[in-house]
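Student: Here you go, one structure.
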Amino acid sequence: MSKISKAAKTVRKADVGNVIRAIVRAGQAAPGPPLGPVLGQRGIPIGQFCKDFNEKTKDIKEGIPLPIKVFVKPDRTYDLKINQPTVSYFLKAAAGIERGAGKTGHEVAGMVTVKHVYEIARVKAQDESFALQNMSLENVVRCIIGSARSLGIRVVNE
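So the number in my numbering is just where the residue sits in the sequence shown, counting from 1, plus 2.
In structure tokens form, the structure reads like this:
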């Protein structure tokens, strides 16, 4: 392995270690677990982070689970990237349920229409995870139907 490829590998490893991924409820970031210890290990001021997050999510309905990425810089500052709510949240809201099925495949927790799935797909297609993979809307719909199946939600035509 050449020196350049070793150096590139080292940079990639360092880059991945400086990203914290979590799901935090909108407007409810608190310095306690699970968020506090993870941020504290990286030297990020937890109180300031909670203020920033809650300020950025004040326009969103409180309690919605939001996937976030925190990019930690060497000088202990950070950049915060807030993504769309999770697919499971959208599916549960569309089906009108609180939780998924206990036994997936054996019981049905709720039902959503194909129209609901398509609307969710249009929202989630703009999300970074699907956009980076350059997925077509049809493939995003398939992913969402798979998520619905794993939650015990049946997808019906009408």
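Think of the CB as a built atom: it goes at the ideal place given N, C-alpha and C, for glycine as much as any other residue.
1. Is it buried or exposed, residue 149, if we count other Cβ atoms within 10 angstroms and call 16 or more buried?
2. DSSP on residue 89, reduced to helix/strand/coil?
3. Could you tell me the distance, in whole angstroms, from the CA atom of residue 22 to the CA atom of residue 82?
4. Which stretch, first to last residue, makes up the alpha helix (DSSP H) that contains residue 144?
5. Please specify which runs of the alpha helix (DSSP H), each continuous and at least 4 residues long, are wholly inside the stretch 23-57, giving them in chain order.
6. Using a threshold of 8 Å, state whether the C-beta atoms of residue 30 and residue 65 are closer than that.
7. If you measure from the beta carbon of residue 65 to each beta carbon in chain B, is any gap under 8 Å?
8. Using alpha carbons as the reference points, say which of 61, 80, 59 lies closest to residue 48.
9. Is it right to say residue 133 is buried, meaning 16 or more other beta carbons lie within 10 angstroms of its own, or is it exposed?
10. Which whole-angstrom value describes the C-beta separation of residue 120 and residue 143, a residue pair presumed to lie in contact below a C-beta threshold of 8 Å?
11. Kindly give me the distance between the Cβ atoms of residue 154 and residue 98, rounded to whole angstroms, as I take these residues to be in contact under 8 Å.
12. How is residue 83 classed by DSSP in three states: helix, strand or coil?
13. For residue 130, which option in 118, 53, 84, 50 has the closest C-alpha, if you only look at C-alpha atoms?
14. Could you tell me the boundaries of the alpha helix (DSSP H) in which residue 110 lies?
15. What are the boundary residues of the beta strand (DSSP E) that residue 122 is part of?
Tutor: So, from the listed chains and residues:
1. buried
2. helix
3. 10 Å
4. 139-153
5. 37-43
6. yes
7. No chain B is part of this structure, which consists of one protein chain only.
8. 80
9. exposed
10. 6 Å
11. In fact, because the Cβ distance is near 14 Å, the residues do not count as touching under 8 Å.
12. strand
13. 84
14. Residue 110 -> no alpha helix (DSSP H), and no H or E assigned at all.
15. No beta strand (DSSP E) holds residue 122; the alpha helix (DSSP H) holding it covers 116-126.
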